[in-house]
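Mapping to my numbering: the sequence shown position 68 is 68, numbers consecutive. First the structure, in the form of structure tokens, and then the observations on it.
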Amino acid sequence: MSELIVITGVSRGLGRAMLEGFCREGLFVAGCSRDENACRELQQLLPDRCNVQPVDITSEEQVMSWANMLSQRFPAPRLLINNAAVINSNQRLWQVTEAEFKTVMDINVAGTARVIRHIAPKIIAAGTGVIVNFSSGWGRSTSAEVAPYCASKWAVEGLTLALAQELPRGVSAVSLNPGVIDTDMLRSCFREGASSYPPPSAWAERAVPFLLSLSSRHNGRQLTVPGEE
1 MSELIVITGV SRGLGRAMLE GFCREGLFVA GCSRDENACR ELQQLLPDRC
51 NVQPVDITSE EQVMSWANML SQRFPAPRLL INNAAVINSN QRLWQVTEAE
101 FKTVMDINVA GTARVIRHIA PKIIAAGTGV IVNFSSGWGR STSAEVAPYC
151 ASKWAVEGLT LALAQELPRG VSAVSLNPGV IDTDMLRSCF REGASSYPPP
201 SAWAERAVPF LLSLSSRHNG RQLTVPGEE
């Protein structure tokens, strides 16, 4: 089979745009999402180009089961892209509920770590591959009313830098700021103002080739998709 790309959060937005973009490039994509209906839709749309499974990355058991299936059926991925994330509703930090704060951290930070925990060993055993942890402009700066999201993405930056120091030669980890794109997540913050930014499909035209250019020489880099600086 062609080289494998693994992506979390493929049901919509950047994840779906990347899945479709990598498939157009002739690669095979293994993806996951909590949205079972979207998983079925993508599998039917691209039956020979992807394997999309319903997985909740807040569940250690589900992530482990998914990773075991991937390990048995597919080679080590060229890219592991931790894209799945959520954002809190716009409000001041002291107004954010415990449940909402926990959800943001559990998906954005702990979820990223869970996926790495169960998939990175196969990449390390293969001796080559790139782990791409999606960050944000708000992982390198801050704004009011999105403090939990900012905290989660700053955590992803630190987690990635430390991971890069731990990986053996040939394997790399990078954090990636995708830029500002018109997604459901951005609309939750900017509302109609999000429409002034490019849609995921246009973004993916730049992002997919850039991601495919990553190699061990980028280990530990804090990157931004070209054109989004």
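Heads up, the beta-carbon is just placed ideally off N, CA and C, and yes, glycines get one too. Source: prediction; values computed, not measured.
Anticipated Cβ contact below 8 Å, residue i with residue j, distance rounded
| i | j | result |
| --- | --- | --- |
| N133 | L93 | Going by Cβ atoms, the distance from N133 to L93 rounds to 24 Å, so no, they are not a contact pair. |
| V156 | S143 | Not a contact, Cβ separation roughly 17 Å. |
| M18 | I87 | Actually they are not in contact, since the Cβ atoms of M18 and I87 sit about 19 Å apart, beyond 8 Å. |
| N219 | E145 | Wrong, their Cβ atoms sit about 34 Å apart, outside the cutoff. |
Pick from the options that is closest to residue i, judged by C-alpha positions
| i | options | result |
| --- | --- | --- |
| E60 | L214, S195, I131, R117 | R117 |
| C189 | A147, T224, E36 | A147 |
| E25 | S195, F210, C32, L176 | F210 |
| G179 | I87, V52, Q95, W138 | W138 |
| S172 | F101, I81, E145, S65 | I81 |
| A67 | I123, P168, T97 | I123 |
| P226 | A99, A38, N177 | N177 |
| P200 | G127, D182, S89 | D182 |
| I108 | Q72, C150, G13, A202 | The question names Ile, but residue 108 is Asn in the sequence shown. The shortest C-alpha separation from N108 is found at C150. |
| V29 | T224, V96, V208 | V208 |
Distance CB(residue i)-CB(residue j) smaller than 8 Å
| i | j | result |
| --- | --- | --- |
| T129 | N83 | The question names Thr, but residue 129 is Gly in the sequence shown. Not in contact: G129 and N83 (Cβ atoms no closer than 8 Å). |
| A113 | I131 | no |
| I5 | L27 | yes |
| V115 | V63 | yes |
| P47 | S33 | no |
| G9 | A85 | yes |
| A126 | A76 | yes |
Between the CA atoms of residue j and residue i - distance to the nearest angstrom
| i | j | result |
| --- | --- | --- |
| F74 | R49 | 13 Å |
| R78 | E3 | 6 Å |
| K153 | L70 | 27 Å |
| Q43 | A99 | 32 Å |
| V104 | L163 | 21 Å |
| R169 | L212 | 19 Å |
| Q95 | E192 | 24 Å |
| E264 | F101 | No answer is possible for residue 264: it lies beyond the span of the chain, which begins at 1 and ends at 229. |
| R140 | L161 | 13 Å |
| T224 | I7 | 18 Å |
| R40 | G31 | 12 Å |
Neighbourhood of residue i by C-beta, 7 Å cutoff - its chain only, sequence neighbours within 5 removed
| i | result |
| --- | --- |
| R221 | V174 |
| S195 | D182 |
Beta-carbon proximity list for residue i, same chain, < 6 Å, skipping 5 on both sides
| i | result |
| --- | --- |
| D35 | S11 |
| L214 | V130 |
Close-in-space but distant-in-sequence residues of the same chain around residue i (CB under 8 Å, 5 per side omitted)
| i | result |
| --- | --- |
| A110 | T58 |
| E205 | G21 |
| R217 | S172 |
Cβ of residue i within 8 Å of any chain C Cβ
| i | result |
| --- | --- |
| G13 | Given the protein chain composition of this structure (a single chain), no chain C is represented. |
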